[in-house]
Amino acid sequence: MKKIFILLLSSILFISTFALENFFTLNESEGSVKFYPLYEKGFLNIFSHKIQFGKDCTYFDYVKYGNQNNLYPFERFSIDMVIKNKHIVTFLYQPLTLKTEAYLFDTLVVDSVIFPEGSNMEFFYSFDFYRVSYMYNILTFKRNKVFFGLSFQLRNAFISFSDGENILTNSNIGPVPIFKLKTESEIGSKLSFENEFDGFYASGKYITGSKNDFVGAIFDLSSRFVYNLNSFSNLFLNLRYLGGGAEGTSKDETSRYDGYVKNWLHTFSVSFGIKLK
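Positions -19 to -1, 1 to 258 (mature numbering (1 follows the signal peptide of the UniProt record, and there is no 0)) are the ones given, in order, by the sequence shown.
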C-alpha cells in the first residue's frame, strides 16, 4: 500500500510540473481560506532510547541491547488551513513504529516479568500520534514571518516485550498540550527557509494529568529548506529532532507491579517532501 501511495505521489509531482501548473491549483489566489496538503518521506535515526517499567526493574537500553541501531522509515502527513494569511490550523498524523529482535546477554525484568539471559527477544515499540495546532502571525518584517500558537497532541502508544513464551504489553492513549512557534524567511523568489518548534515540559501532579508526581516532555524541532517548484507545488528538505518521554508513577488497576514508568526517546530524521498549493 505504501509503495502504491509513493508511486501515486511521484506521478502527481511529475504531472504538476508540466501540466497542472497551467490550469489547476487547489486554492484561489484571492481566497480567504486556503488548504495545503503536505507529505514527507525519509529515514529516522535513534541515538538514544531507554525504558523501564517497575521501580526495581531493568532500565533497558533499546539502542545498545535491543538493536534499535539501524535507519528506519519515516513519514509524516499533514494539512494546513490558512485563514486570511494570518491564522494557520494544522492537522497532523505521525506514525512511529519500531520492531527489532535481539539476544539477551543479561536478564531483563519488565514490570515484574522476567526474561532470562539467553532469550531471543522481540521488541515492538509503536508511538503514533495525532496533533492539531493553531498559530497566529504575531510578527512580519521585510520577508520574514513569525507565528505562535498551541498544539493538542493525542498519543497512541503500544509497547511489547516477548521471548516466545512470556510476553509483556503496555498500551496508552493520552492527550498532551504543546506550545508552538514557527518562522518563515524568504531567501529569493524560489527559495525559503522555515523553522518550527513544538515543545512541552512539565513536572508535578495534576499539570501532567497524573495524581502522582510525574515528569513529562516532548520536543519536535525542524528546519526546512523549501523550493517553490511552480504554482501548484513546493518541494522541501526537512531536518528534524523528535524526542521526549516521561518518568513517574501512575498506578491503576491494570498495572502488574508498582506502576512506575521511565521512558525517554531521542531521534533525528532527514526527509524530503511535497506541499501542494
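Beta carbons are placed, not taken as given, at the ideal position from N, Cα and C, and that holds for glycine.
Should Val196 and Gly155 be called a contact, given that it needs their Cβ atoms to be closer than 8 Å? Translated into positions along the sequence shown, residue 196 becomes position 215. Translated into positions along the sequence shown, residue 155 becomes position 174. No, Cβ-Cβ distance for Val196 and Gly155 is not below 8 Å.
Indicate, with yes or no, if the ligand SAM has a heavy atom lying under 7 Å from the CB of Tyr208. In the structure shown, the ligand SAM is absent, as is every other ligand, since no ligand is present at all.
Which of helix, strand or coil does DSSP assign to Tyr106? The residue labelled residue 106 in the question sits at position 125 within the sequence shown. Three-state result, Tyr106: strand.
From Ala227, Gly226, Ser203, residue whose alpha carbon lies closest to that of Asn219: Taking the first residue of the sequence shown as 1, we reach residue 219 at position 238. Here the closest residue by C-alpha is Ser203.
Pick from Leu162, Tyr208, Gly180 that is closest to Gly169, judged by C-alpha positions: One-based indexing of the sequence shown puts residue 169 at position 188. Just measuring C-alpha positions, the residue of Leu162, Tyr208, Gly180 sitting nearest Gly169 is Tyr208.
Any 3 or more C-beta pairs closer than 8 Å across the stretch 107 to 116 and the stretch 51 to 70: yes
On the DSSP letters alone, give me the boundaries of the alpha helix (DSSP H) that Asp45 sits inside. Counting from 1 along the sequence shown, the entry for residue 45 is found at position 64. According to the sequence displayed, residue 45 carries Lys and not Asp. That run of the alpha helix (DSSP H) goes 43 to 46.
Phe122: which of Ser184, Ser166, Ile32 sits nearest, CA to CA? Counting from one through the sequence shown, the residue named residue 122 turns up at place 141. The residue with the shortest Cα to Cα distance from Phe122 is Ser166.
Taking just the CA atoms, how far does Leu89 sit from Tyr106? What you label residue 106 is simply residue 125 of the sequence shown in a count that begins at 1. What you label residue 89 is simply residue 108 of the sequence shown in a count that begins at 1. Rounded to whole angstroms, Tyr106 to Leu89 spans 16 Å at the Cα level.
With a floor of 3 residues, list each beta strand (DSSP E) that falls wholly inside the stretch 67 to 139, ordered by position along the chain. If we require 3 residues or more, the beta strand (DSSP E) runs fully inside the stretch 67 to 139 come out as 68 to 75, 78 to 84, 89 to 91, 94 to 96, 101 to 122.
Please report how far the alpha carbon of Thr189 lies from the alpha carbon of Val242, in whole angstroms. Numbered from its first residue, the sequence shown carries residue 189 at position 208. Numbered from its first residue, the sequence shown carries residue 242 at position 261. A caution first: Thr189 carries a pLDDT of 46, below 50, which makes its placement in the model unreliable, though a value can still be read off. Answer to the nearest angstrom: the Cα atoms are 14 Å apart.
In terms of residues, what are the limits of the beta strand (DSSP E) holding Leu223? Translated into positions along the sequence shown, residue 223 becomes position 242. Its beta strand (DSSP E) spans residues 214 to 230.
Sort Lys258, Lys36, Ala83, Asn151 by Cα distance to Phe213 and report the nearest one. As a first step, residue 213 must be located in the sequence shown, where it is residue number 232. When only C-alpha atoms are compared, the closest one is Lys258.
Where Asn209 sits in the DSSP three-state scheme: Residue numbering aside, residue 209 sits at position 228 when the sequence shown is read from its first letter. Residue state, collapsed to three classes: strand.
Other residues of its chain near Asp201: CB distance less than 6 Å, five sequence neighbours each side excluded: For the purposes of this step, residue 201 is taken as the residue at position 220 of the sequence shown. Excluding sequence neighbours, Asp201 sits near Asp179, Leu223.
Spatial neighbours of Gly130 within its chain, please: C-beta separation below 7 Å, excluding the five flanking residues on both sides. As a working note, residue 130 is residue 149 in the sequence shown. Correct list, in chain order: Ser114, Tyr115, Met116, Tyr117, Lys161.
For Thr164, the first and last residue of its enclosing beta strand (DSSP E): Translated into positions along the sequence shown, residue 164 becomes position 183. First-last of the beta strand (DSSP E) with Thr164: 148 to 167.
Compare the C-alpha of Ser141 against each of Gly47, Gly99, Glu21 and name the closest. Locating residue 141 in the sequence shown gives position 160, where the first residue counts as 1. It is Gly47 whose Cα lies nearest to the Cα of Ser141.
Please report how far the alpha carbon of Leu19 lies from the alpha carbon of Ile32, in whole angstroms. By one-based count along the sequence shown, residue 19 stands at place 38. By one-based count along the sequence shown, residue 32 stands at place 51. Looking at the two C-alpha atoms, the distance is approximately 32 Å.
Is it right to say Arg124 is buried, meaning 16 or more other beta carbons lie within 10 angstroms of its own, or is it exposed? Within the sequence shown, the letter at position 143 stands for residue 124. Exposed.
Member of Phe41, Lys171, Asn101, Ser173 whose CA lies at the smallest distance from the CA of Glu146: If you number the sequence shown from 1, residue 146 lands on position 165. For the residues Phe41, Lys171, Asn101, Ser173, the minimum Cα distance to Glu146 belongs to Asn101.
Please check the pair Asn215 and Lys256, which I expect to be a contact at CB under 8 Å, by giving their CB distance rounded to whole angstroms. Numbered from 1 along the sequence shown, position 234 holds the residue referred to as residue 215. Numbered from 1 along the sequence shown, position 275 holds the residue referred to as residue 256. Confirmed, Cβ separation roughly 4 Å.
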